[in-house]
Amino acid sequence: MGRRDSLFVRACLGRDVERHPIWFMRQAGRYLPKYREIKGNMNILDLQMNPELSSDITVLPVRELGVDAAILYSDIMVPVRAAGYNVRIEEDVGPVVDTGISENDVGLMHEFECKSDAPYVIDNITLTRSKLDDDIPIIGFSAGPFTMLSYLFEGRPSRTFERCRDVAKNDPDLWDEAMRGAVDLISEYLNAQIGAGVDAVQIFDSWAGLLGPDFYSRYVKMYTKMVFSSLPDGIPKIHFSAKNSFMLRDFADTGCNVMSLDHDTDLRTAMEYLGNSMAIQGNLSPDIARIGGNEMRIATERILDGMRGVSRFVFNLGHGVLRDTDPENLKQVVRMVKCRGISD
Ligand code: CP3
């Protein structure tokens, strides 16, 4: 069976499956001792430029946890730095951008070309493919236009996005120019990943859910829609946002065919609301996965019971794996998911 017919791809596209596939957002990260060993003192943005090591990290969780898909070891800010912006990732903070964005440097985003600006991402995909069994698909990813620009406008992680809101309302031409730049960069980046062999893509518009439906539908949605519509048909296109329960209709309208739901959302209700054409992914709480034990087993069972008989479902967390999660907890969840048939 080729990877385009893998369990994960079939579930995403609503085809028949014998059981639910499983992978974890942020499965390639610091909670894995081998990851910390490989990474040493290197920064993720520099490590990323070494495809041999990056591809080793990409396959690590497949080997250690037994998940059904690999996600490219990279970061949402990799193409932003490759395009020429001054980005670094600060430990325990996240992405920091020294010089914010202005009308003059929006052009950098339009000019981004993956093959010449970030060839190591292509090499990471090629090498990962050669290291994985044929039936394990690779998930490529990017930030959504808003989440990407939020770092460029705010300069660092924010949960209130004052500058974005100011620019969108008071300087709509700059907002539109910047969002169109982000669309060009992200479309180029994801299409390059697909060309290099990823089998699905996920857009992490992690913070879009914090904007509220009015701002989102007026200033963000159309740009995410442009990104999805630039991608080929027939492959899984996953949309993820945290805190998204009340904005599912808007997110569903972006052109994705899989909706990744966070742990505040009731899966069954969301599924009924979204209808038959959308697969869903989620949504064990990362904090419950960190705590482990009985609480984790009960929460996992509850999700599996709720999704009994539903073929278009991918088991995941509601957000990324937390750093001090014991890998044994995740292995246990993988075992539980794998031993349940679709109708058990
Ligand atoms: O899922 C995976 O395993 C693939 C790798 C991946 C990373 N970042 C690696 C990483 C993915 C999919 C991301 C996405 C990402 N990066 C998002 C969207 C997902 C989400 O959680 O909402 C966001 C917002 C970022 C920005 C970012 N990069 C943050 C907030 C941090 C953590 C800062 C910290 O030190 O706590 C990073 C750094 C980062 N990206 C790490 C990893 C494994 C950890 C630091 C490191 O190893 O250098």
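Using the numbering used here, you'd call the opening residue of the sequence shown number 737 and step up by one each time.
Cβ coordinates follow ideal geometry from the N, Cα and C atoms, glycine included.
Keep in mind the model is a prediction, meaning the values are calculated, not measured.
Rounded to whole angstroms, what's the CA-CA distance from V963 to S923? Just pull it up for me. Taking the sequence shown and counting its residues from 1, the one referred to as residue 963 is at position 227. Taking the sequence shown and counting its residues from 1, the one referred to as residue 923 is at position 187. Straight through space, the alpha carbons of S923 and V963 are spaced by roughly 5 Å.
Beta-carbon within less than 8 Å of S1013's beta-carbon, same chain only, minus the 5 sequence neighbours each way: which residues are those? Position 277 of the sequence shown, counted from the first residue, corresponds to residue 1013. These residues qualify, in order along the chain: G750 and N993.
Whole angstroms is fine: what's the gap from T862's alpha carbon to K905's? By one-based count along the sequence shown, residue 862 stands at place 126. By one-based count along the sequence shown, residue 905 stands at place 169. Here the alpha carbon of T862 sits roughly 43 Å from the alpha carbon of K905.
Buried or exposed for D941, please, with buried defined as at least 16 other CB atoms from any protein chain shown within 10 angstroms of its CB. Stepping through the sequence shown from its first residue, residue 941 is reached at position 205. Flag for D941 reads buried.
Would you call the stretch 892 to 900 and the stretch 850 to 860 touching, i.e. three or more CB-CB distances under 8 Å? Counting Cβ pairs under 8 Å, fewer than three are found: no touch.
To the nearest angstrom, how far is it from the Cα of V934 to the Cα of I872? Sequence index remark: in the sequence shown, residue 934 carries index 198 (1-based). Sequence index remark: in the sequence shown, residue 872 carries index 136 (1-based). Approximately 11 Å between the Cα atoms of the pair.
With DSSP collapsed to three states, give me the class of F877. The count along the sequence shown starts at 1 and reaches residue 877 at position 141. DSSP places F877 in strand when its eight states are reduced to three.
Tell me whether the beta-carbon of G1054 lies closer than 8 Å to the beta-carbon of S1021. Position 318 of the sequence shown, counted from the start, is the residue given in the question as residue 1054. Position 285 of the sequence shown, counted from the start, is the residue given in the question as residue 1021. In this structure, G1054 lies near S1021, with their beta-carbon atoms less than 8 Å apart.
Where do the ends of the beta strand (DSSP E) carrying A1015 lie? Numbered from 1 along the sequence shown, position 279 holds the residue referred to as residue 1015. DSSP places A1015 inside the beta strand (DSSP E), whose first and last residues are A1015 to L1020.
May I ask which residues mark the beginning and end of the alpha helix (DSSP H) holding R1069? Mapped onto the sequence shown, residue 1069 falls at position 333. Before going further, note that residue 1069 is Val rather than Arg in the sequence given. Membership of V1069 in the alpha helix (DSSP H) is indicated by the continuous run P1063 to K1074.
State yes or no: is the C-beta of N927 within less than 8 Å of the C-beta of S966? If you number the sequence shown from 1, residue 927 lands on position 191. If you number the sequence shown from 1, residue 966 lands on position 230. Between N927 and S966, the CB-CB gap stays under 8 Å.
So, using beta-carbon positions, are M995 and L984 closer together than 8 Å? Residue numbering aside, residue 995 sits at position 259 when the sequence shown is read from its first letter. Residue numbering aside, residue 984 sits at position 248 when the sequence shown is read from its first letter. For M995 and L984, yes; Cβs fall inside 8 Å.
Measure the alpha-carbon distance for C1075 versus I758 and round it to whole angstroms. Indexing the sequence shown from 1 puts residue 1075 at position 339. Indexing the sequence shown from 1 puts residue 758 at position 22. If I take the Cα positions, the gap works out to 12 Å.
Indicate whether F1129 and I939 have their beta-carbon atoms separated by less than 8 Å. The shown model of the chain, from 737 to 1080, leaves out residue 1129, and the question about it has no answer.
Within 7 Å: the Cβ of Q1068 and any heavy atom of the ligand CP3? One-based indexing of the sequence shown puts residue 1068 at position 332. Answer for Q1068: no, Cβ out of range of the ligand CP3.
Apart from the five residues on each side of it in sequence, which residues of its chain come closer than 8 Å, Cβ to Cβ, to S810? Taking the sequence shown and counting its residues from 1, the one referred to as residue 810 is at position 74. Closer than 8 Å at Cβ, skipping near neighbours: Q784, S790, V857, N860 and F877.
Below 7 Å CB to CB, which residues in the same chain sit around L796 once its five sequence neighbours on both sides are set aside? Position 60 of the sequence shown, counted from the first residue, corresponds to residue 796. A distance below 7 Å between beta-carbons, with the five flanking residues on each side excluded, links L796 to the following residues of its chain, in chain order: A764, L768, K770 and Y771.
Run of the beta strand (DSSP E) containing E826, from where it starts to where it stops: Counted from its first residue, the sequence shown places residue 826 at position 90. Run containing E826: V823 to E826, per the beta strand (DSSP E) assignment.
My understanding is that N1052 touches G1018, with C-beta atoms under 8 Å, so please give their C-beta distance in whole angstroms. Taking the first residue of the sequence shown as position 1, residue 1052 is located at position 316. Taking the first residue of the sequence shown as position 1, residue 1018 is located at position 282. N1052 to G1018, Cβ: 6 Å. Contact.
Could you name the residues of the same chain whose beta carbon sits closer than 8 Å to that of L885, not counting the 5 residues immediately before and after it, in chain order? Sequence index remark: in the sequence shown, residue 885 carries index 149 (1-based). Closer than 8 Å at Cβ, skipping near neighbours: I837, C900, A914, M915 and A918.
I'd like to check one pair, D804 with F744: are the Cβ atoms closer than 8 Å? As a first step, residue 744 must be located in the sequence shown, where it is residue number 8. As a first step, residue 804 must be located in the sequence shown, where it is residue number 68. Yes. Within cutoff.
N927 at chain D interface by Cβ criterion, 8 Å: No chain D appears in this structure, which consists of one protein chain only.
Cβ neighbours of W911 in the same chain (closer than 7 Å, five flanking residues each side left out): Taking the sequence shown and counting its residues from 1, the one referred to as residue 911 is at position 175. Correct list, in chain order: V903, A904 and Y955.
Bridge partners of A936, per DSSP? Mapped onto the sequence shown, residue 936 falls at position 200. Here A936 is bridged, per DSSP, to I875.
Quick one: what's got a C-beta closer than 7 Å to L844's C-beta in the same chain, skipping five residues either side? The sequence position of residue 844 within the sequence shown is 108, counting from 1. Take L844, set aside five residues on each side of it, and the residues of its chain with a beta-carbon closer than 7 Å to its own are A819, G820 and Y821, in chain order.
Taking all protein chains shown into account, decide if R865 is buried (16 or more other Cβ within 10 angstroms of its Cβ) or exposed. Position 129 of the sequence shown, counted from the first residue, corresponds to residue 865. With at least 16 other beta carbons inside 10 angstroms of its own, R865 counts as buried.
I'd like the span of the alpha helix (DSSP H) that includes P815, first residue to last. Position 79 of the sequence shown, counting from 1, holds the residue named residue 815. In this chain, the alpha helix (DSSP H) harbouring P815 covers V814 to A818.
Taking the alpha-carbon positions, what's the R739 to D907 distance? For the purposes of this step, residue 739 is identified with residue 3 of the sequence shown, where counting begins at 1. For the purposes of this step, residue 907 is identified with residue 171 of the sequence shown, where counting begins at 1. Annotation: R739 to D907 spans about 46 Å, alpha carbon to alpha carbon.
With distances taken from CA atoms, which of T1036, D969 and D950 is nearest V937? Numbered from 1 along the sequence shown, position 201 holds the residue referred to as residue 937. Ranking the options by Cα distance to V937, first place goes to D969.
Start and end of the beta strand (DSSP E) containing I974? On the sequence shown, residue 974 is found 238 positions in, with the first residue counted as 1. Counting along the chain, I974 sits inside the beta strand (DSSP E) bounded by residues K973 to F976.
In the DSSP output, what is M995 paired with across the bridge? Within the sequence shown, the letter at position 259 stands for residue 995. According to DSSP, M995 bridges with H975 and I1016.
Residues in its own chain within less than 7 Å of S953 by CB, not counting five upstream and five downstream? Counted from its first residue, the sequence shown places residue 953 at position 217. Here the set comprises D986.
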